[in-house]
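Sequential numbering from 149 applies to the sequence shown in my numbering. Positions of the beta carbon are idealized from the N, C-alpha and C atoms, including for glycine.
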Amino acid sequence: MDVARRPLADALEHAGALLAGAGRIVVFTGAGVSTDSGIPDFRSPGGLWTRYDPRQLGFRRYVSDPGTRRLAWRLRRELHHMDARPNPAHLACVRLAEAGRLAGVITQNIDGLHTDAGLPADLVCEVHGTGRQFVCLACGERGPMGEAVARVEAGEEDPACLACGGIIKAATVSFGQNIPPEVWARAEALTAACDAFVAVGSSLVVQPAAGLPVKASRLGARLVIVNREPTPLDALADAALLGEAGTLLPALVGAAIGEPR
149 MDVARRPLAD
159 ALEHAGALLA
169 GAGRIVVFTG
179 AGVSTDSGIP
189 DFRSPGGLWT
199 RYDPRQLGFR
209 RYVSDPGTRR
219 LAWRLRRELH
229 HMDARPNPAH
239 LACVRLAEAG
249 RLAGVITQNI
259 DGLHTDAGLP
269 ADLVCEVHGT
279 GRQFVCLACG
289 ERGPMGEAVA
299 RVEAGEEDPA
309 CLACGGIIKA
319 ATVSFGQNIP
329 PEVWARAEAL
339 TAACDAFVAV
349 GSSLVVQPAA
359 GLPVKASRLG
369 ARLVIVNREP
379 TPLDALADAA
389 LLGEAGTLLP
399 ALVGAAIGEP
409 R
């Protein structure tokens, strides 16, 4: 069934009914969840990737090319000063947790806004890491991203690890870099144990994370997709809604926990 072609009101009512009977809901979030917080997604006009080519920022190039690292630090400096705040989509996940219905949030985002919204850290699985910290690729030293950005602003275009002199980067999973095994194992475990999987604000094309909704559906969970544009998995979903995460996710959570309209 082409669920993406349902009228939005009908699709929302149908999806709400599916979630109303779910007790272990996983919310999977992508860049579209943070756009209302002022963080542009990478595929929209005006997005960061219109000014920074992701092909130039892959992990292998980062390690081997000082010019790539200088470019990446300019990007990181720009992101650090966005001063983004949680929006209604993030707060909806908190409401779901407070109602005892949230098994966990698996996020592709690196902005830390789920925990800023008040979601306990043990309910958040950041499959692509965090932009809030830096990490040394040689010795594993970690620290607040603000410290590294301050060094860049003081004139260090490619700051090195102060502990060992090694290369440092944001503690994120870059293009061409593997998700840490323990993080991926947690994401798969959350997916396998849920009875409803809600993918929100993700194009569902970046692997391996985009395979999680497929896994959830194959294991019998209800699959609901919310995105501004159609995704490759809409036909697999039990409900697919086209629209903004900041509007639709709060409505879905309200339906799931029985809030009056």
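Under the rule that 16 or more other beta-carbon atoms within 10 Å means buried, what is residue i, buried or exposed?
| i | result |
| --- | --- |
| E246 | exposed |
| V151 | Because V151 carries a pLDDT of 45, less than 50, the predicted location of this residue cannot be relied on, and the following value inherits that uncertainty. Buried, because 16 or more other Cβ atoms sit within 10 Å of the Cβ of V151. |
| D270 | exposed |
| L389 | buried |
| A344 | buried |
| S182 | buried |
| P236 | buried |
| R366 | exposed |
| P302 | Contrary to the premise, residue 302 reads as Ala rather than Pro in this sequence. Burial call: exposed. |
| A399 | buried |
| A340 | exposed |
| S212 | exposed |
| A385 | buried |
Taking 7 Å as the cut-off, is the C-beta of residue i nearer than that to any heavy atom in the ligand HEM?
| i | result |
| --- | --- |
| G406 | With respect to the ligand HEM, the structure offers nothing, as it holds no ligand at all. |
Below 8 Å on the Cβ atoms is my guess for residue i versus residue j; work out the distance and round it to an integer in Å.
| i | j | result |
| --- | --- | --- |
| G394 | R376 | Contact flag wrong, Cβ pair sits at about 11 Å. |
| V348 | L381 | The pair is not a contact, with the Cβ atoms about 13 Å apart (cut-off 8 Å). |
| T177 | S351 | About 12 Å; that fails the 8 Å criterion. |
| A335 | C273 | 5 Å |
| R243 | V374 | R243 to V374, Cβ: 16 Å. No contact. |
| R249 | A170 | 7 Å |
| A387 | L156 | Going by Cβ atoms, the distance from A387 to L156 rounds to 11 Å, so no, they are not a contact pair. |
Identify, in the order they occur along the chain, each residue of the same chain with its Cβ nearer than 6 Å to the Cβ of residue i, setting aside the five sequence neighbours on each side.
| i | result |
| --- | --- |
| F207 | S322, G324 and Q325 |
| R299 | P307 |
| L239 | A265 |
| A286 | C312 and G314 |
| P361 | F345, A347, L371 and L381 |
Using a Cβ-Cβ cut-off of 7 Å (strictly less than) and excluding sequence neighbours within five positions of residue i, which residues of its own chain qualify?
| i | result |
| --- | --- |
| E305 | R218 and W221 |
| C410 | In this structure the chain extends from 149 to 409, so residue 410 is not present and cannot be described. |
| L227 | G279 |
| T100 | Because the chain is modelled from 149 through 409, residue 100 falls outside the range shown and cannot be assessed. |
| P328 | none |
| I187 | M230, A232 and D259 |
| A296 | F282, P307 and I316 |
| S185 | A232, R233, P234, N235 and L261 |
| L338 | V174, A251, G252, I254 and C273 |
| T379 | S351, L352 and I373 |
| E330 | none |
With a threshold of 8 Å between beta-carbons, can residue i be considered close to chain D, or not?
| i | result |
| --- | --- |
| G406 | Protein chains in the displayed structure number just one, and chain D is not present. |
Output needed for residue i: all residues of its chain with C-beta closer than 8 Å, excluding positions within five of it in sequence on either side, in chain order.
| i | result |
| --- | --- |
| M149 | At M149 the pLDDT is 38, less than 50, meaning the model places this residue with poor confidence; the figure from the coordinates comes in the next sentence. If we look at M149 and ignore the five residues flanking it on each side, its Cβ neighbours are A383. |
| A168 | A403, A404 and G406 |
| K317 | Y210, R217, A220, F282, V283 and L285 |
| V253 | V174, V175, F176, T177, C241, H262, L267, L271, V272 and C273 |
| R290 | Q281, F282, V283, C284 and A319 |
| G294 | H228 |
Item checked: 4 or more residues per run - each alpha helix (DSSP H) lying fully within the stretch 252-333 -> 261-264 and 293-301
Next item on the list: Would you mind listing the beta strand (DSSP E) stretches within the stretch 159-246 that are 3+ residues and don't spill past its ends, in chain order?
Entry: 173-177
Notebook entry, point to check: Looking at C-beta atoms only, is the number of pairs between the stretch 350-361 and the stretch 312-319 that lie closer than 8 Å three or more?
Noted result: no
Check: Are three or more beta carbon pairs between the stretch 223-236 and the stretch 259-273 nearer than 8 Å?
Finding: yes
Check: Do three or more CB pairs link the stretch 208-219 to the stretch 161-171 at distances below 8 Å?
Finding: no
Next item on the list: Please specify which runs of the beta strand (DSSP E), each continuous and at least 3 residues long, are wholly inside the stretch 337-409, giving them in chain order.
Entry: 344-348, 370-375 and 387-390
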